[in-house]
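Novice: Residue numbers (the numbering used here): 301 to 505.
Where a beta carbon is used, it is the ideal one built from N, C-alpha and C, also for glycine.
Values in this document were obtained by computation on a predicted structure and should not be read as measured data.
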């Protein structure tokens with residue numbers, strides 16, 4: 301049974317954040333708001349949860365999830381970050397960007413594709429950041445795009461109808477944009493735009 305929680309988007313209620321984080325820490329799958337779209341995810345160490353998400357979205361087994369972190373120190377744990385890369389991350393995060401970096405050994409092997417890179421984000425959204433801090437572990441996340449539906453789900457009412465009994469907790473943070481994050485490859489130190497999303501690409505041109 302899905303628990304639906306309406307959490308204030310700019311001033312999250314600690315009690316509700318704790319409820320959601322407890323479910324995620326106990327192995328639950330969650331829908332939650334980010335600074336771009338709603339995310340579908342689970343705790344980084346929840347292998348069974350990732351397998352369930354893959355089945356739910358009918359993804360290939362080697363689908364590359366993004367990792368959501370609360371701060372830059374966590375990103376440095378899961379990716380190799382040189383000085384130049386760190387300056388870029390510090391400038392654009394938190395924000396609507398996913399940066400593709402070389403993964404470290406701390407990234408679980410089951411979420412890495414054949415190439416050893418991983419997408420990392422620090423979403424600029426109070427609910428998401430409070431959840432990450434309460435869980436005390438990164439989230440693995442993918443966009444809320446379901447088979448048979450055009451576009452990314454963005455309205456809480458529609459999400460509640462479609463995700464009822466398919467996830468363990470759904471955090472309602474209001475209506476969000478449909479546009480996902482901008483994806484920037486930094487694996488060789490030179491920014492390459494892999495996907496234009498809600499983040500501006502002018503600074504990388």
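Just curious, the beta strand (DSSP E) that residue 306 is in, first and last residue?
Specialist: Locating residue 306 in the chain shown gives position 6, counting from the first residue. Unbroken beta strand (DSSP E) run through residue 306: 303 to 306.
Novice: In the DSSP output, what is residue 342 paired with across the bridge?
Specialist: Numbered from its first residue, the chain shown carries residue 342 at position 42. Answer is 440.
Novice: Work out the CA separation of residue 366 and residue 442 for me, nearest whole Å.
Specialist: Indexing the chain shown from 1 puts residue 442 at position 142. Indexing the chain shown from 1 puts residue 366 at position 66. Roughly 6 Å between the two C-alpha positions.
Novice: Could you pull the start and end residues of the beta strand (DSSP E) that residue 492 belongs to?
Specialist: Here residue 492 is taken as the residue at index 192 of the chain shown, counted from 1. Element bounds for residue 492: 492 to 495.
Novice: Name the residue from 478, 485, 461, 315 whose alpha carbon lies nearest to the alpha carbon of residue 336.
Specialist: As a working mapping, residue 336 is identified with position 36 in the chain shown. Ranking the options by Cα distance to residue 336, first place goes to 478.
Novice: When you compare the segment 388 to 402 with the segment 468 to 485, are there three or more beta-carbon pairs, one atom per stretch, that lie closer than 8 Å?
Specialist: Yes, the segment 388 to 402 touches the segment 468 to 485.
Novice: Note the first and the last residue of the continuous beta strand (DSSP E) segment covering residue 454.
Specialist: Your numbering for residue 454 matches position 154 in the chain shown. Taken as a continuous stretch (DSSP letters only), residue 454 belongs to no beta strand (DSSP E), as it is neither H nor E.
Novice: Between residue 469 and residue 320, which are expected to be in contact by the criterion C-beta below 8 Å, what is the C-beta distance as a whole number of angstroms?
Specialist: In the chain shown, residue 469 corresponds to position 169, counting from 1. In the chain shown, residue 320 corresponds to position 20, counting from 1. Indeed they touch by this definition, with Cβ atoms about 5 Å apart.
Novice: Since residue 500 is in the beta strand (DSSP E), which residue starts that stretch and which ends it?
Specialist: Start at 1 with the first residue of the chain shown, and residue 500 comes out as number 200. Here residue 500 belongs to no beta strand (DSSP E), and DSSP marks it neither H nor E.
Novice: If we call anything under 7 Å between Cβ atoms a contact, is residue 368 one with residue 439?
Specialist: Residue 368 sits at position 68 when you count from the first residue of the chain shown. Residue 439 sits at position 139 when you count from the first residue of the chain shown. In contact: residue 368 and residue 439 (Cβ atoms closer than 7 Å).
Novice: When the distance is taken between beta carbons, is residue 334 closer than 7 Å to residue 449?
Specialist: Locating residue 449 in the chain shown gives position 149, counting from the first residue. Locating residue 334 in the chain shown gives position 34, counting from the first residue. No; because the gap between Cβ atoms is not below 7 Å, this pair is not in contact.
Novice: Which same chain residues end up closer than 6 Å to residue 316 when comparing Cβ atoms and leaving out the 5 residues on each side of it in sequence?
Specialist: Counted from its first residue, the chain shown places residue 316 at position 16. Cβ within range, chain order: 305, 307.
Novice: Is it the case that the Cβ atoms of residue 499 and residue 396 are separated by a distance below 7 Å?
Specialist: On the chain shown, position 199 is the one that residue 499 refers to. On the chain shown, position 96 is the one that residue 396 refers to. Yes.
Novice: Please list, in chain order, all residues of the same chain as residue 383 whose beta carbon is under 6 Å from its beta carbon, the five residues on each side excluded.
Specialist: Position 83 of the chain shown, counted from the start, is the residue given in the question as residue 383. Excluding positions up to five away in sequence, the list is empty.
Novice: Thinking C-alpha only, which one of 420, 497, 364, 416 is nearest residue 373?
Specialist: Counting from one through the chain shown, the residue named residue 373 turns up at place 73. The option with the nearest alpha carbon to residue 373 is 420.
Novice: Please list the segments of the alpha helix (DSSP H) lying wholly inside the segment 373 to 440, counting only runs of 4 or more residues, in order along the chain.
Specialist: With a minimum length of 4 residues, the continuous alpha helix (DSSP H) runs that stay inside the segment 373 to 440 are 383 to 392, 426 to 435.
Novice: Out of 310, 458, 422, 471, which has the shortest C-alpha to C-alpha gap to residue 391?
Specialist: For this step, residue 391 is matched to residue 91 along the chain shown. When each option's Cα is compared against that of residue 391, the closest is 422.
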